[in-house]
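Here the structure comes first, spelled out in C-alpha coordinates, and everything after it is commentary.
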Amino acid sequence: MSIDRNAWQKGILKAAFNFIFDHSMGDEEYMWWKGLIYAKIENSE
(Lines of atoms letter the chains of each structure in order from A and count residues from 1; the text may use other names and numbers.)
(Lines give C-alpha, C1' and ligand atoms only; values in the text may rest on other atoms or scores of the structure.)
Protein backbone atom coordinates (compact mmCIF):
# COMPACT_ATOMS: atom_id res chain seq x y z
CA MET A 1 0.00 0.00 0.00
CA SER A 2 1.31 3.44 -0.84
CA ILE A 3 -0.01 6.54 0.95
CA ASP A 4 0.22 10.08 -0.41
CA ARG A 5 2.17 12.04 2.23
CA ASN A 6 0.97 15.49 1.13
CA ALA A 7 -2.69 14.46 1.34
CA TRP A 8 -2.06 12.80 4.74
CA GLN A 9 -0.67 16.06 6.14
CA LYS A 10 -3.90 17.78 5.01
CA GLY A 11 -6.03 15.20 6.85
CA ILE A 12 -6.89 13.05 3.83
CA LEU A 13 -6.10 9.38 3.35
CA LYS A 14 -5.19 8.94 -0.32
CA ALA A 15 -3.72 5.55 -1.07
CA ALA A 16 -3.34 2.84 -3.70
CA PHE A 17 -3.14 -0.83 -2.86
CA ASN A 18 -2.64 -4.17 -4.57
CA PHE A 19 -3.04 -7.19 -2.30
CA ILE A 20 -2.42 -10.77 -3.44
CA PHE A 21 -3.70 -13.43 -1.07
CA ASP A 22 -2.11 -16.84 -0.67
CA HIS A 23 -4.42 -19.69 -1.66
CA SER A 24 -3.13 -22.77 0.13
CA MET A 25 -6.26 -24.92 -0.37
CA GLY A 26 -5.37 -26.23 -3.84
CA ASP A 27 -4.36 -25.34 -7.36
CA GLU A 28 -7.11 -22.76 -7.92
CA GLU A 29 -6.30 -19.24 -9.04
CA TYR A 30 -5.08 -16.82 -6.44
CA MET A 31 -7.30 -14.09 -5.03
CA TRP A 32 -6.34 -10.43 -5.45
CA TRP A 33 -7.73 -7.05 -4.48
CA LYS A 34 -6.56 -3.83 -6.14
CA GLY A 35 -7.95 -0.38 -5.53
CA LEU A 36 -7.76 3.21 -4.41
CA ILE A 37 -8.76 4.89 -1.15
CA TYR A 38 -9.66 8.57 -0.79
CA ALA A 39 -11.19 9.56 2.53
CA LYS A 40 -11.14 12.50 4.92
CA ILE A 41 -9.62 11.64 8.29
CA GLU A 42 -11.88 12.72 11.13
CA ASN A 43 -10.83 12.91 14.76
CA SER A 44 -13.28 11.10 17.08
CA GLU A 45 -12.41 13.21 20.12
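Take 131 as the starting number for the sequence shown in the numbering used here and just add one per residue. Beta carbons are placed, not taken as given, at the ideal position from N, Cα and C, and that holds for glycine. Given the structure is predicted, the values throughout are model-derived calculations rather than measurements.
Member of the options whose CA lies at the smallest distance from the CA of residue i
i: Tyr160; options: Tyr168, Phe151, Leu166, Ile167; result: Phe151
i: Ala137; options: Ile167, Glu175, Glu158; result: Ile167
i: Ile171; options: Met155, Lys140, Asp134; result: Lys140
i: Ala145; options: Lys164, Ser174, Met131, Asn173; result: Met131
Cβ-Cβ distance between residue i and residue j below 8 Å
i: Trp162; j: Phe149; result: yes
3 or more residues per run - each beta strand (DSSP E) lying fully within the segment 147-174
161-170
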